[in-house]
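This note's numbering applies: residue 631 is where the sequence shown begins, and numbers increase by one.
Glycine residues also receive a C-beta, built at the ideal position from the N, C-alpha and C atoms.
Everything numeric in this text was worked out from a predicted model, so none of it was measured.
I have placed the structure first, in the form of structure tokens, so that the comments after it can refer back to it.
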Amino acid sequence: MATLDIDGAQRYLLVSEICDRLGVDENHTVLDVGGGTGRLVQYLKSDLVFTVDPYGDGENHIRASMEDLPIPESSYDVVIQIDSLEHVPEEIRERALREMSRVAERFVIWIGPIDSKLAVEAEEDLCASHREFFAGKEMEWLSEHRIHGLPSKDLVKKTLDEGMRDSREWMSFPLRKWWTYMRLDQQLEAGMFQPELEKEIDRWYEESGWKSDFRVAEGTPGYRFVFVGSKKSELPWDLDSPPKGTESLAEWRKVIPLIDAIALSSPLDHQGLPQDPRFEEQLRTLKDQLPRSETEGRKKEENKSFWDRLFGA
631 MATLDIDGAQ RYLLVSEICD RLGVDENHTV LDVGGGTGRL VQYLKSDLVF TVDPYGDGEN
691 HIRASMEDLP IPESSYDVVI QIDSLEHVPE EIRERALREM SRVAERFVIW IGPIDSKLAV
751 EAEEDLCASH REFFAGKEME WLSEHRIHGL PSKDLVKKTL DEGMRDSREW MSFPLRKWWT
811 YMRLDQQLEA GMFQPELEKE IDRWYEESGW KSDFRVAEGT PGYRFVFVGS KKSELPWDLD
871 SPPKGTESLA EWRKVIPLID AIALSSPLDH QGLPQDPRFE EQLRTLKDQL PRSETEGRKK
931 EENKSFWDRL FGA
């Protein structure tokens, strides 16, 4: 289970901002294709959010595969797909995209990672570090990306653009930042439990950090491709403009809790002693788990001075 929620928050806040700019309100029907978790409803104003996925359940959930939706044409005002196409075989992707367009009445929103040499390298690097941190265990969802391959940007754009009166596309979430956050997430999960630091990082990102990731600067590699299509009307001129921030000291001071959490996140003081009783207990547990057999004598000697200094043993 992930420690930080940045990767999830970025995609849902992105979709929320787009829907707000499109004027999606409580009266519009929304279909989340591949949204078995049902999380999208927490970010939209609409009270009529439905999900379709082979898994999941609930009153507003339809169990079906995305390439064959048991839904009449033009049934939903807005049809959305978020980070799902890379988890299904390549041969059904075009059909799945056409199904999204078919059941949409007004808007289609698609976001997700797309194929590029650098994106594949970044994902493979994260898979390798996950195996290193977690005793060879694979990072399941990124492993699925490898199995099926990341979607082609041209396929998504060409297929969804058919029949649209207006469309817009852009790249979101700078790839380097995405890789950095994911690496930090792995190291926090593999290391000592630091709930206050993790909470403040998530709070900062949901409140303001995501805004700079809405659209990447020209020439900067991005992780997620965003496509928005409109069947009946022109799209707002500022649909893809980054959200405006507030430049004020009061706004800047909102990051102080995060700075405090980072500054206090070290479990050791300047003398190398635990400054948090919970951390000291974790160190004691680790000490008890150290190899004690004579065959591990060298490792035992290497650790001796360290434990002597911490615990006076």
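Taking buried to mean at least 16 other C-beta atoms within 10 Å of its own C-beta, is residue i buried or exposed?
i: residue 719; result: exposed
i: residue 943; result: Reliability fails at residue 943, whose pLDDT of 47 lies under 50, so the model's placement of it is uncertain and the value that follows must be treated cautiously. Answer is exposed; the Cβ neighbour count stays below 16.
i: residue 802; result: buried
i: residue 727; result: buried
i: residue 670; result: buried
i: residue 936; result: Residue confidence is low: residue 936 scores 49 on pLDDT, short of 50, so the model does not pin down where it sits. Its coordinate-derived value is still stated next. Its Cβ having fewer than 16 others within 10 Å, residue 936 is exposed.
i: residue 713; result: buried
i: residue 752; result: buried
i: residue 648; result: buried
i: residue 808; result: buried
i: residue 826; result: exposed
i: residue 636; result: buried
i: residue 790; result: buried
i: residue 665; result: buried
i: residue 780; result: buried
i: residue 723; result: buried
i: residue 879; result: exposed
i: residue 640; result: buried
i: residue 828; result: buried
Mind checking whether residue i and residue j have CB atoms under 8 Å apart?
i: residue 797; j: residue 744; result: no
i: residue 814; j: residue 634; result: yes
i: residue 866; j: residue 844; result: no
i: residue 738; j: residue 859; result: yes
i: residue 767; j: residue 760; result: yes
i: residue 741; j: residue 854; result: yes
i: residue 946; j: residue 697; result: Because the chain spans 631 through 943 in this model, residue 946 falls outside it and cannot be assessed.
i: residue 830; j: residue 891; result: yes
i: residue 763; j: residue 824; result: no
i: residue 812; j: residue 894; result: no
i: residue 795; j: residue 862; result: yes
i: residue 638; j: residue 668; result: no
i: residue 673; j: residue 646; result: yes
Short of 7 Å in beta carbon distance, which residues of its chain neighbour residue i, apart from the five on each side in sequence? Order them along the chain.
i: residue 924; result: At residue 924 the pLDDT is 46, less than 50, meaning the model places this residue with poor confidence; the figure from the coordinates comes in the next sentence. There are no such residues.
i: residue 748; result: 805 and 851
i: residue 787; result: 799 and 857
i: residue 631; result: Reliability of the predicted coordinates at residue 631 is poor, the pLDDT of 47 falling under 50, and the value obtained from them is presented with this limitation in mind. None.
i: residue 717; result: 774 and 778
Can you list, in chain order, the residues of its chain with a C-beta nearer than 6 Å to that of residue i? Leave out the 5 residues immediately preceding and following it.
i: residue 694; result: 682 and 700
i: residue 940; result: For residue 940, the pLDDT reaches just 49, beneath the cut-off of 50, and the residue's location in the model is therefore unreliable, although a value from the coordinates is still provided. Cβ neighbours of residue 940 beyond the five flanking positions: none.
i: residue 705; result: 733
Can you find the residues in the same chain that come closer than 8 Å, C-beta to C-beta, to residue i, ignoring five residues on each side of it along the sequence?
i: residue 656; result: 675, 676, 677 and 678
i: residue 868; result: 651
I want to check one thing, is the minimum distance from the CB of residue i to the heavy atoms of the ligand ZN below 7 Å?
i: residue 817; result: Ligands are entirely absent from the displayed structure, and the ligand ZN is therefore not among its contents.
Determine contact between the stretch 732-749 and the stretch 827-845, defined as no fewer than three beta-carbon pairs at a distance below 8 Å. no
At least 3 beta-carbon pairs within less than 8 Å: the stretch 817-826 vs the stretch 770-779: At 8 Å Cβ cutoff, the stretches do not touch.
Length-filtered (4 minimum) alpha helix (DSSP H) runs lying within the stretch 719-778: Within the stretch 719-778, the complete alpha helix (DSSP H) runs of at least 4 residues are 723-733, 747-763 and 770-778.
Check whether the stretch 648-667 and the stretch 699-709 are in contact - that is, three or more C-beta pairs closer than 8 Å. yes
Which runs of the beta strand (DSSP E) spanning at least 3 residues fall entirely within the stretch 786-849, listed in chain order? 796-804
Within the stretch 647-707, ranges of the beta strand (DSSP E) (whole runs, at least 3 residues): Here the runs fully enclosed are 659-663, 678-683 and 691-693.
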